[in-house]
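A quick write-up on the structure given underneath.
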DNA sequence: AAGCATAAGTTCAACCAATCAACAAATCTC
DNA sequence: GAGATTTGTTGATTGGTTGAACTTATGCTT
């Protein structure tokens, strides 16, 4: 039996798609695909790559690799750099890296008590990061977004001074986003705000493509690294949400409502949750629940995560007990997620990040008890690499990810 | 601002891929992609389609559509059929349908007390279905698989008599499958069996490509229909597993261990499960648990689902209570799955299918209580359309799905 | 019945991207 | 300095889609 033919059936990767959806493939699609292939290679390689390396690792001919690189160079996405001399014989290679001046991304985050702007260049490096503190709840959406646009425009100007042009803007919002609108943001007290329209009133932002998404989604994307491309990112804020990242891409579900772990049941007969059900995770591990169990309910704390961490360091017994209960509930629910999705990494973000020292042991313990395959492949739990700035960073990176995945749309003409 | 450019960022579909993984795209890839596009259109259309329709709905030119169809016709995948006369003027179109004699698929299922074989033709219609009853646990794996191969060969012969040639074989196995081997099948009492080698000893099967996968996975795929392409298929047997089907394709997780809902926690402090944890779903809704709660433990029942259903019809109070408890636990866990994955359909299979009349109300109730978006988009629960033959059917269909998705590999020369 | 309009399908030159083979360029080795 | 070796480029060739013209087959109109 031909092993090769057999692979045609056994192969479980997603079906080959030259172009997305049901679109036809034309000559241009070939070029687009291969451009992306080459650029991704340059982007993901730890050191500069040569045309010859592109050819040999992709399977393209050196001739084709050369013409692709030619296009990328002319389009300003890639730059030639000298390569350290090797001891090998033969004509020395010319290194290629992502052009630092090439199209970067602007990430904006509108949140309850601050507005953040981050610009990354094409290589993903942070070029500008600005935080504008201030309670947005006292403002109208229009006013808050006018400020947001101004903060974004200032970041754009600063990026331009550093020689980075920006390809697009992505905005992280603390609520339910659909089709350019913020349908509901309980913590801001906003409802059905046309964020796209209000932001693009600003002349500098009008010129750029604009993407909007949930803050937790972008925060999860901000945690993607070459070594961690599949994980569940738990973001504890007022509510508890999870961003499910599979191979570097967000799993959004059929309607974008995935990751609602805050209302997964921990104890079926537990206390009532404001969602109408009983025993939800939020009742045990939500910010509110932890504050209440620690006897801190009602006190308006600026940064609850940091405040709680400070108090935990002092050894407050009520708080420590509350944290342990929260960690137990969190671990139980996350074990379920890992069992269902076969994911082996959990990243704790949001208020859980500063509290991680008190959470990690119990969460880890529950995971190793309850995840079926934990003895073969122990699941790992770690703290988010970025703090509150994760969402703006992830948003900015999502822009450059779009550039790298579809270079043909971003070549300078 | 250009709305088109903005879409480049906002577009959340998976990135365009001309060919899978990091492979280069060549001229042939264009042809392959467009062949698949055209064939899928023919496969999914409810009525025969014309070359002109292929052209207009795909965006290809009529010229290209014609040459693609020419290839598919010559390759035996598609057939011309006369089209009912329309009242329109102009040259009448020629209809195209999947060739009924074209490459079909053979699905085999090896299970504890039977071996099943199903052959479907390229259109997905069942051509042959044979069940060979008999306890496989009393046989050695080699002997059982010799019988399996013989059953498969007989089905192939029967298919051939009906004019259906078969492109490949897929085998559903009740256990952990990896790389052609059955690593562990507790209910069969098998361990590390090289199923591929043993089956392909049979001369008739040697000639065909062979795929192996878990029985629950294929059963889930068997439930895919044009109207239901995203769902969670719960398969209650000795254990409880879920097949997660997203847009017609199985989500397998990073290591193929997804869907282990049997060990998702229902009550953190519940009774011990044999997996080492406590309060797992299996403790409440497993076949064993239901039998025990109904006072039927230990009795070896041939088809436990049917036997329980019969008894439930008689109104056995202990059993009805057990079923309600199971349904409550199942509903709680499934609500979590739906909250996390944003999937709105649940399909009950395995022993839950015959018991569905007693389970559906409570499962549905728990879902509507606990799924966050249930009041906007009520989740639906339904019974699996196919009974125990689902796995063999799904396996057979997975073969033709491979043919339709990569037609270039299956054209007769 | 003839002529016209209309739609389906085919043919063929043109185009475009990748390939292949030969070549030029830049280095190392002996 | 000659030969070996590797990188990158050039130009003819191949293969697949396109676009426009053409053929075919039907309904509608007069």
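Protein chains in written order, with the working numbering: chain A, 631 to 1043; chain B, 631 to 1043. Don't be surprised by glycine CBs; every beta carbon is placed ideally from N, CA and C.
Exposure label - residue 836 (chain B); buried when at least 16 CB within 10 Å
Along the second chain, one-based indexing puts residue 836 (chain B) at 206. Taking all protein chains shown into account, residue 836 (chain B) has fewer than 16 neighbouring C-beta atoms within 10 Å of its C-beta and is therefore exposed.
Along the chain, where does the alpha helix (DSSP H) containing residue 1004 (chain A) start, and where does it finish?
If you number the first chain from 1, residue 1004 (chain A) lands on position 374. For residue 1004 (chain A), there is no enclosing alpha helix (DSSP H), as DSSP marks it with neither H nor E.
So, for residue 968 (chain A): in the same chain, excluding its five sequence neighbours on each side, which residues have a beta-carbon less than 8 Å away from its beta-carbon?
One-based indexing of the first chain puts residue 968 (chain A) at position 338. The answer, listed in chain order, is 862, 974, 976, 997, 1001, 1009.
Is the beta carbon of residue 757 (chain A) less than 8 Å from the beta carbon of residue 768 (chain A)?
The residue you call residue 757 (chain A) lines up with position 127 of the first chain. The residue you call residue 768 (chain A) lines up with position 138 of the first chain. No, the Cβ-Cβ distance between residue 757 (chain A) and residue 768 (chain A) is not below 8 Å.
Of all the CB atoms in chain B, is at least one closer than 8 Å to the CB of residue 680 (chain A)?
In the first chain, residue 680 (chain A) corresponds to position 50, counting from 1. The beta carbon of residue 680 (chain A) sits no closer than 8 Å to any beta carbon of chain B.
Going by alpha carbons, who is nearest to residue 890 (chain A) out of B:941, B:1004, B:869?
By 1-based counting over the first chain, the position of residue 890 (chain A) is 260. Checked all of B:941, B:1004, B:869; the closest Cα to residue 890 (chain A) is B:1004.
Going by Cα to Cα distance, which pick from B:803, B:918, B:848 is closest to residue 743 (chain B)?
By one-based count along the second chain, residue 743 (chain B) stands at place 113. It is B:803.
Touching by the beta-carbon criterion (3+ pairs, under 8 Å), the segment 704–711 of chain A and the segment 680–687 of chain A
Not touching, per the Cβ criterion.
Who are the near neighbours of residue 952 (chain B) in its chain, counting only those whose CB is closer than 7 Å to its CB and skipping five residues on each side?
In the second chain, counting from the first residue as 1, residue 952 (chain B) sits at position 322. If we look at residue 952 (chain B) and ignore the five residues flanking it on each side, its Cβ neighbours are 920, 923, 924.
For chain A, find out if any of its Cβ atoms is closer than 8 Å to the Cβ of residue 1009 (chain B); answer yes or no.
Here residue 1009 (chain B) corresponds to residue number 379 of the second chain, with the count starting at 1. With 8 Å as the cut-off, residue 1009 (chain B) does not count as an interface residue toward chain A.
In this structure, does DSSP put residue 809 (chain A) in helix, strand or coil?
Numbered from its first residue, the first chain carries residue 809 (chain A) at position 179. DSSP places residue 809 (chain A) in coil when its eight states are reduced to three.
Straight-line gap, residue 927 (chain A) to residue 934 (chain A) (C-alpha atoms, nearest Å):
Counting from one through the first chain, the residue named residue 927 (chain A) turns up at place 297. Counting from one through the first chain, the residue named residue 934 (chain A) turns up at place 304. About 11 Å.
Minimum C-alpha distance to residue 786 (chain B) - residue among B:895, B:979, B:734, B:666
For the purposes of this step, residue 786 (chain B) is taken as residue 156 along the second chain, with counting starting at 1. The candidate whose alpha carbon is nearest that of residue 786 (chain B) is B:734.
If the cut is a Cβ gap below 7 Å, which residues of chain B does residue 664 (chain A) touch?
As a working mapping, residue 664 (chain A) is identified with position 34 in the first chain. Those are 654, 655, listed as they occur along chain B.
Buried or exposed: where does residue 808 (chain A) fall if 16 or more other Cβ atoms within 10 Å of its Cβ makes it buried?
By one-based count along the first chain, residue 808 (chain A) stands at place 178. Result: exposed.
So residue 665 (chain A) packs on residue 690 (chain A), CB below 8 Å; how close in whole Å?
To locate residue 665 (chain A), count along the first chain from 1; it is residue 35. To locate residue 690 (chain A), count along the first chain from 1; it is residue 60. About 11 Å separates the CB atoms of residue 665 (chain A) and residue 690 (chain A); that is not less than 8 Å, and the two are not in contact.
Residue from B:884, B:994, B:1019, B:752 with nearest C-alpha to residue 960 (chain B):
As a working mapping, residue 960 (chain B) is identified with position 330 in the second chain. Considering only alpha carbons, the answer is B:994.
Using 10 angstroms around the beta-carbon of residue 674 (chain A), count the other beta-carbons present and answer buried if the total reaches 16, otherwise exposed.
Residue 674 (chain A) sits at position 44 when you count from the first residue of the first chain. Here residue 674 (chain A) is exposed: its Cβ has fewer than 16 other Cβ atoms, across all protein chains shown, within 10 Å.
Run down chain B in chain order and give the residues with a C-beta less than 9 Å from the C-beta of residue 796 (chain A).
Taking the first chain and counting its residues from 1, the one referred to as residue 796 (chain A) is at position 166. By Cβ distance, chain B contributes nothing, its closest Cβ being about 12 Å from residue 796 (chain A), past 9 Å.
Of the residues A:850, A:868, A:867, A:869, which one's Cα is nearest the Cα of residue 860 (chain A)?
Taking the first residue of the first chain as 1, we reach residue 860 (chain A) at position 230. That would be A:850, whose Cα lies nearest to the Cα of residue 860 (chain A).
I need the straight-line Cα distance from residue 880 (chain B) to residue 886 (chain B), nearest angstrom please.
The sequence position of residue 880 (chain B) within the second chain is 250, counting from 1. The sequence position of residue 886 (chain B) within the second chain is 256, counting from 1. Whole-angstrom Cα-Cα distance: 10 Å.
Report the residue ranges of all beta strand (DSSP E) runs contained in full by the segment 698–773 of chain B; include only those spanning at least 3 residues, in chain order.
The DSSP assignment places 708–711, 725–728, 734–740, 744–750, 756–763 as complete runs of the beta strand (DSSP E) inside the segment 698–773 of chain B, in order along the chain (cut-off: 3 residues).
Residue range of the alpha helix (DSSP H) that residue 663 (chain A) falls in?
Counting from 1 along the first chain, the entry for residue 663 (chain A) is found at position 33. For residue 663 (chain A), the uninterrupted alpha helix (DSSP H) run begins and ends at 657–674, by DSSP.
Cβ-Cβ distance between residue 752 (chain A) and residue 732 (chain A) below 8 Å
Residue numbering aside, residue 752 (chain A) sits at position 122 when the first chain is read from its first letter. Residue numbering aside, residue 732 (chain A) sits at position 102 when the first chain is read from its first letter. Yes, Cβ-Cβ distance for residue 752 (chain A) and residue 732 (chain A) is below 8 Å.
Buried versus exposed, by CB contacts within 10 Å (16 or more), residue 715 (chain B)
On the second chain, position 85 is the one that residue 715 (chain B) refers to. Burial call: exposed.
Beta-carbon proximity list for residue 739 (chain A), same chain, < 6 Å, skipping 5 on both sides:
As a first step, residue 739 (chain A) must be located in the first chain, where it is residue number 109. Excluding sequence neighbours, residue 739 (chain A) sits near 746, 802, 1021, 1022.
Looking at C-alpha atoms only, which residue of B:883, B:816, B:843, B:833 is the closest neighbour of residue 825 (chain B)?
Here residue 825 (chain B) refers to the residue found at position 195 of the second chain. With respect to the C-alpha of residue 825 (chain B), the residue from B:883, B:816, B:843, B:833 having the closest C-alpha is B:843.
In terms of alpha-carbon separation, which member of B:878, B:883, B:894 lies closest to residue 870 (chain B)?
Translated into the one-based positions of the second chain, residue 870 (chain B) becomes position 240. Per the Cα distances, B:894.
Any C-beta of chain A sitting closer than 8 Å to the C-beta of residue 747 (chain B)?
Your numbering for residue 747 (chain B) matches position 117 in the second chain. Cβ-Cβ to chain A under 8 Å: no for residue 747 (chain B).
How many Å lie between residue 727 (chain B) and residue 669 (chain B) at the Cα?
Working through the second chain from its first residue, we reach residue 727 (chain B) at position 97. Working through the second chain from its first residue, we reach residue 669 (chain B) at position 39. Distance between the alpha carbons of residue 727 (chain B) and residue 669 (chain B): 9 Å.
Apart from the five residues just before and just after residue 667 (chain A), which ones in its own chain have a Cβ nearer than 7 Å to its Cβ?
Stepping through the first chain from its first residue, residue 667 (chain A) is reached at position 37. Around residue 667 (chain A): 688.
Check whether the Cβ of residue 1024 (chain A) lies closer than 8 Å to any Cβ atom in chain B.
As a working mapping, residue 1024 (chain A) is identified with position 394 in the first chain. Nearest CB-CB separation between residue 1024 (chain A) and chain B: not below the 8 Å threshold.
Examine chain A for any beta-carbon lying closer than 8 Å to the beta-carbon of residue 740 (chain B), and answer yes or no.
Counted from its first residue, the second chain places residue 740 (chain B) at position 110. No, residue 740 (chain B) lies away from the interface with chain A (no Cβ there is under 8 Å from its Cβ).
Tell me the rounded alpha-carbon separation between residue 962 (chain B) and residue 865 (chain B).
Residue mapping note: residue 962 (chain B) aligns to position 332 of the second chain, counting from 1. Residue mapping note: residue 865 (chain B) aligns to position 235 of the second chain, counting from 1. Rounded to whole angstroms, residue 962 (chain B) to residue 865 (chain B) spans 16 Å at the Cα level.
Cα separation between residue 792 (chain B) and residue 966 (chain A)?
Here residue 792 (chain B) is taken as the residue at index 162 of the second chain, counted from 1. Here residue 966 (chain A) is taken as the residue at index 336 of the first chain, counted from 1. The alpha-carbon atoms of residue 792 (chain B) and residue 966 (chain A) are separated by roughly 48 Å.
If you measure beta-carbon to beta-carbon, which residues of the segment 825–857 of chain B are closer than 9 Å to chain A?
If the cut-off is 9 Å between Cβ atoms, the segment 825–857 of chain B has 826, 830, 835, 836, 837, 838, 839, 840, 841, 842, 843 near chain A.
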